[in-house]
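Encoded as structure tokens, the structure appears first; notes follow it.
Residue numbers (UniProt numbering): 1 to 544.
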């Protein structure tokens with residue numbers, strides 16, 4: 001699961017971003033926490049830091065178990081990960097676990113604890129155990145794995161002079177020690193910091209920037225500039241022209257303008273000018289009188305009349321035919337429309353909001369757009385920047401869409417993994433917000449219930465991912481996968497092994513290693529379960 005990408009500066013444990021930190025730097029931070037917060041609060045903070053880290057690894061282990069790994073083997077991934085991550089060496093002494101009844105009792109030995117070494121170096125030996133962050137990790141890991149609060153206690157510790165550290169874990173209520181268990185529950189330490197003379201004004205100054213509105217989300221400078229113009233235009237009846245690429249959210253901006261203006265109680269009518277055939281656009285906009293043309297059996301109001309006392313949103317206005325542009329210009333000048341076949345004009349009170357992704361200056365030069373209409377529509381232009389220029393807005397937008405589609409499909413998800421979010425931020429998004437929303441909707445459908453959205457759920461296999469380096473058998477970072485694959489291919493070619501035999505043997509070995517579990521065997525081979533089932537059937541091999 002461990003991958004290194006020296007080019008981008010990422011270390012990944014599966015989909016979670018990791019860091020290598022100097023233990024002396026952590027030890028310095030640990031000492032400062034004790035000095036500034038006091039023993040009890042510092043311990044609680046360290047425990048909860050470890051708890052959060054353990055929860056992440058617990059989710060990884062639980063996923064492996066669900067993929068077919070035996071329960072105890074999957075659980076022991078946590079101690080292995082804790083060791084690989086450089087925290088402490090773990091040895092199992094005794095363990096009882098039953099995932100169905102959520103029963104757990106375990107005893108483990110720790111050696112080479114970084115936290116013990118740091119404490120002894122800075123503060124010397126004492127009478128209390130000191131592996132607080134590691135105790136938090138073990139508790140968070142086991143709690144995530146069993147879906148209930150499991151708490152570990154350190155009964156022996158090297159910092160007390162013992163030769164090694166010994167920990168015991170069981171459900172929180174079995175300890176009958178509320179004061180100790182409180183360390184593992186969230187605490188609002190920020191409120192107490194005010195009592196330590198950290199001023200309220202300072203705390204307010206570091207609050208995250210407001211994400212604006214329930215319908216419009218953004219914190220980037222480009223978004224804020226567009227939104228500030230939108231707020232200025234909202235109270236008036238001024239004609240607004242929304243400019244920007246396809247998918248940037250022009251209709252959402254137009255709806256906000258309507259909902260936050262004096263016409264909010266009136267109708268909001270949207271029409272996509274590019275989606276209506278040229279010979280029907282005038283009838284659609286201005287309406288039709290009975291008998292105006294063959295087939296007009298009754299009078300029908302157009303979009304302008306339906307938008308009376310409200311807002312008409314003309315999307316893709318740059319694609320209007322020239323003849324329609326002339327009539328639209330007259331409506332803007334007089335405030336009156338004429339239905340097709342009518343003799344009398346109809347006075348209306350409609351606010352016009354137009355939008356286009358066409359460069360209207362170029363369209364005027366090419367003779368495709370009237371300059372007088374452009375100057376009428378361009379009274380109050382608002383340019384909405386593309387998503388690639390608004391990367392700071394992507395996380396809040398992702399959260400909005402995640403909330404929307406989780407509710408729509410009845411799913412509970414824990415969000416995006418670090419790697420998935422990194423890939424989302426690095427994506428160019430040519431389809432802008434519309435494309436991002438579609439990707440999140442797809443990911444919500446594909447992600448497992450109660451789990452997190454991973455990169456593979458967002459787009460087709462391999463998209464957005466860059467090759468990483470990994471550790472070889474000796475612990476050296478290198479492009480081990482490519483070299484190993486080349487070596488294997490060379491052996492196959494030298495021994496003149498045919499493709500059919502190689503594929504059959506690979507499938508047989510994967511099924512043996514997965515103990516007949518088709519899904520797990522497919523994962524080992526990097527293909528889907530139906531693909532493996534099809535190939536086994538084709539080759540006449542058993543599917544179990």
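Glycine included, each C-beta is placed from N, C-alpha and C at the ideal position.
Inset, instruction - State buried or exposed for residue 536, treating a residue as buried only when at least 16 other CB atoms are found within 10 Å of its CB. - result: buried
Inset, instruction - Assign residue 106 to one of three DSSP states: helix, strand, or coil. - result: strand
Inset, instruction - With a threshold of 16 other CB atoms inside 10 Å of the CB of residue 7, please say whether the residue is buried or exposed. - result: exposed
Inset, instruction - Quick one: residues in its chain with C-beta nearer than 8 Å to the C-beta of residue 17, no 5 flanking neighbours on either side, listed in chain order? - result: 10, 11, 418, 419 and 422
Legend entry - Reduced DSSP secondary structure (H/G/I, E/B, other) of residue 381: strand
Legend entry - Proximity winner among 285, 402 and 427, relative to residue 445 (alpha-carbon distances): 402
Legend entry - beta strand (DSSP E) segment containing residue 17, residue limits: 16-18
Inset, instruction - Starting from the Cα of residue 510, find the closest Cα among 45, 218, 529 and 496 and give me that residue. - result: 529
Legend entry - Per-residue burial, residue 319 [other beta carbons within 10 Å of its own, 16 or more giving buried]: buried
Inset, instruction - Output the boundary residues of the alpha helix (DSSP H) element that contains residue 112. - result: Element bounds for residue 112: n/a, residue is neither H nor E.
Legend entry - Beta-ladder partner(s) of residue 168, from DSSP: 107 and 153
Inset, instruction - Would you identify the three-state DSSP class for residue 369, choosing helix, strand or coil? - result: coil
Legend entry - Close-in-space but distant-in-sequence residues of the same chain around residue 65 (CB under 7 Å, 5 per side omitted): 71 and 74
Legend entry - the region 384-399 contacting the region 257-264, beta-carbon criterion three pairs below 8 Å: no
Legend entry - residue 206 versus residue 223 - alpha carbon distance: Note that residue 206 scores a pLDDT of 49, beneath 50, so its modelled location is shaky and nothing firm can be said.
Legend entry - Cα-Cα separation between residue 80 and residue 171, rounded to whole angstroms: 22 Å
Legend entry - the region 233-245 / the region 274-285 touching (three or more Cβ pairs under 8 Å): no
Inset, instruction - Please report how far the alpha carbon of residue 204 lies from the alpha carbon of residue 310, in whole angstroms. - result: Residue placement at residue 204 is poorly supported in this model, since its pLDDT is 49, which falls under 50; the coordinates are not used for a value here.
Inset, instruction - For residue 269, collect the residues of the same chain with a Cβ closer than 6 Å to its Cβ; drop the 5 residues on either side in sequence, then sort them by chain order. - result: 303, 306, 307 and 312
Inset, instruction - Entirely within the region 390-442 and at least 4 residues each: give me those alpha helix (DSSP H) ranges in chain order. - result: 394-408 and 418-426
Inset, instruction - Identify, in the order they occur along the chain, each residue of the same chain with its Cβ nearer than 6 Å to the Cβ of residue 462, setting aside the five sequence neighbours on each side. - result: Confidence at residue 462 is low in this model, with a pLDDT of 47, below 50, so its placement is unreliable and the value that follows should be read with caution. Nothing listed; no residue qualifies.
Inset, instruction - Measure from the alpha carbon of residue 273 to the alpha carbon of each residue in 316, 83 and 520, then state which is nearest. - result: 316
Legend entry - Coil, strand or helix - residue 534 by DSSP: helix
Legend entry - CB contact flag (residue 253, residue 384, <8 Å): yes
Legend entry - Environment of residue 103 [buried if 16+ CB atoms lie within 10 Å]: exposed
Legend entry - Under the three-state DSSP convention, the category residue 238 falls into: coil
Legend entry - Pair within 8 Å by beta-carbon distance, residue 183 and residue 31: no
Inset, instruction - Using 10 angstroms around the beta-carbon of residue 129, count the other beta-carbons present and answer buried if the total reaches 16, otherwise exposed. - result: buried
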